[in-house]
Amino acid sequence: MRIPVWLLSVTLALCSSQLAASSSSSESSFQLSPAPIPYPYFEAGTTDGKIDVSYVNLTFSEYTFNGLSIFGKGRKAFTESFALDGMAGLMYLSGKLPGVGPLSPLPAYSATGSFLGYYTPIPAKTANATSVTVSFSGNAEVQVVRSPLFNAILFAGPSLNITSLTLKTLYNKYYAATGTTYTGFTDTLTTTIMLGGLQAGMQIDIPLGQLVRVSPFFVVSSLSGSATMTDDPGTKTTDAYSASYEVPASTTFSTGFDIFVNEISIGAMAQSGKSSQNGGNASYYQLTVGYRFSSKDTAAETTKEEAQPAS
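Numbered continuously in our numbering, the sequence shown closes out at residue 848.
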């Protein structure tokens with residue numbers, strides 16, 4: 538029985554929200570999620586929120602994932618320098634991966650129930666893959682710079698990511714004793730990884746006039762956890778296979794940026810390199826549109842309406 542370790546690596550990459558890649562001179566990582574904090578500056582007493590929707594394209598060698606993600610964030614500022622925030626997100630991806638046959642032996646029986654031997658599985662070359670990731674995080678924020686020229690926030694806190702990657706592979710069963718091939722079976726292989734740990738980083742706000750601001754950020758994450766792999770061959774004579782694994786701690790570094798036009802943010806990212814998992818080509822593209830809202834804006838609008846003279 539051959540365990541597809543590469544599938545654990547793919548799921549781990551999706552769960553940690555990053556695809557590690559390296560070139561001959563340096564290592565980098567791709568950020569699969571927007572900046573962890575709602576907005577690159579805050580004011581005392583305000584409550585900020587932000588919703589980000591992203592299109593994601595992720596390629597491992599000749600295999601491609603496409604999908605969408607949505608992240609919601611909220612923050613409460615207690616002073617000009619200190620705030621707390623929280624984030625929850627959901628990402629769905631689908632695509633193709635190499636086909637994987639049943640991990641458990643496939644016994645053959647006669648009509649009377651006598652054991653005859655084993656079938657040889659013949660899996661399809663490719664399989665349909667779907668991935669769902671749920672992410673949560675919280676941060677303590679310290680605004681270290683607040684000025685008309687630029688703003689800067691340091692943040693740190695816990696994070697939790699859970700990813701379930703399901704691989705459905707069509708396969709045939711070949712019985713060597715008679716040379717017979719039985720068709721029409723589907724193997725379902727599910728890998729679930731849960732990673733928890735800490736993240737920390739900085740986001741900078743650079744105003745460009747009254748309407749536009751550029752906001753680069755970086756995040757350092759240290760995550761560890763566990764993985765479970767379950768395989769169901771889809772036959773009555775074979776039980777599902779299940780195994781658990783420990784995921785050791787790893788540290789990753791990610792960068793990105795947002796462009797704000799009033800309350801709308803636009804982010805784009807494109808990067809390619811060699812996958813550190815298998816040495817093949819890897820690329821990542823993301824387009825994000827976000828909407829930011831604040832209690833300060835609501836209060837200002839209310840004050841404006843109250844100041845208007847009655848007709």
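Even glycine gets a Cβ: it sits at the ideal position worked out from N, Cα and C.
Inset, instruction - Please state whether DSSP places Val547 in a helix, a strand or coil. - result: helix
Inset, instruction - Give the straight-line distance between the Cα atoms of Tyr822 and Ala648, rounded to the nearest whole angstrom. - result: 54 Å
Inset, instruction - For the beta strand (DSSP E) containing Lys610, list its first residue and its last residue. - result: 600–614
Legend entry - Length of the line joining the Cα atoms of Asn603 and Ser820: 12 Å
Inset, instruction - Take Ser668 and list the residues in its own chain whose beta-carbon comes closer than 8 Å to its own, dropping the five residues that flank it on each side. - result: Thr548, Leu551, Phe602, Gly604, Met628, Tyr629, Leu630, Ser631, Thr700, Ser701, Leu702, Thr703
Inset, instruction - Please confirm whether Asp722 and Gly771 have their CB atoms less than 9 Å apart. - result: Note that residue 722 is Phe in the sequence shown, not Asp. Against a cut-off of 9 Å, the Cβ pair of Gly771 and Phe722 comes out as a contact.
Legend entry - Cβ separation of Ser641 and Asp776, assumed to be a contact under 8 Å, to the nearest whole Å: 7 Å
Legend entry - Closest by C-alpha distance to Ser831, when choosing among Lys613, Ser598, Asp724: Lys613
Inset, instruction - State yes or no: is the C-beta of Asp724 within less than 9 Å of the C-beta of Gly638? - result: yes
Legend entry - Endpoints, the beta strand (DSSP E) within which Gln747 is located: Gln747 -> no beta strand (DSSP E), and no H or E assigned at all.
Inset, instruction - Identify every residue that forms a DSSP beta bridge with Ala664. - result: Leu634
Legend entry - Distance, Ile796 Cα to Phe567 Cα: The pLDDT assigned to Phe567 is 45, lower than 50, so where the model puts this residue is not dependable, and the model offers no usable value.
Legend entry - Gly623 versus Pro658 - alpha carbon distance: 47 Å
Inset, instruction - Could you check what DSSP says for Lys710 in three-state terms: helix, strand or coil? - result: strand
Legend entry - Length of the line joining the Cα atoms of Ser606 and Tyr656: 41 Å
Legend entry - Beta-carbon contacts of Val590 that lie in its chain and below 6 Å, excluding the five residues immediately before and after: Ile607, Val826
Inset, instruction - Name the one or two DSSP bridge partners that Ile801 has. - result: Val798, Tyr828
Inset, instruction - Out of Gly738, Thr727, Tyr576, Lys705, point me to the one whose CA is closest to Gly694's CA. - result: Gly738
Inset, instruction - Taking only the alpha-carbon atoms, compute the straight-line gap between Leu544 and Tyr778 and give it to the nearest angstrom. - result: 15 Å
Legend entry - Stretch pair the region 787–796 + the region 750–761: three plus CB contacts closer than 8 Å: yes
Inset, instruction - Measuring only between beta-carbons, confirm whether Tyr576 sits less than 9 Å from chain D. - result: Annotation note: the requested chain D is absent from the structure, which comprises a single protein chain.
Inset, instruction - Would you mind sorting Thr616 into buried or exposed? The rule is 16 or more other CB atoms within 10 Å of its CB. - result: exposed
Inset, instruction - Starting from the C-beta of Val682, find all residues in its chain whose C-beta is less than 7 Å away, skip the five residues before and the five after it, and write them out in chain order. - result: Asn688, Ala689
Inset, instruction - Report back the beta-carbon spacing between Gly636 and Pro660 to the nearest angstrom; my notes put them in contact at under 8 Å. - result: 4 Å
Inset, instruction - Quick one: grab the DSSP three-state call for Lys773. - result: coil
Inset, instruction - For Phe794, collect the residues of the same chain with a Cβ closer than 7 Å to its Cβ; drop the 5 residues on either side in sequence, then sort them by chain order. - result: Val751, Ser752, Pro753, Phe754, Gly804
Legend entry - Nearest candidate by alpha-carbon position, reference Thr715, set Pro685, Gly654, Ser696, Leu643: Gly654
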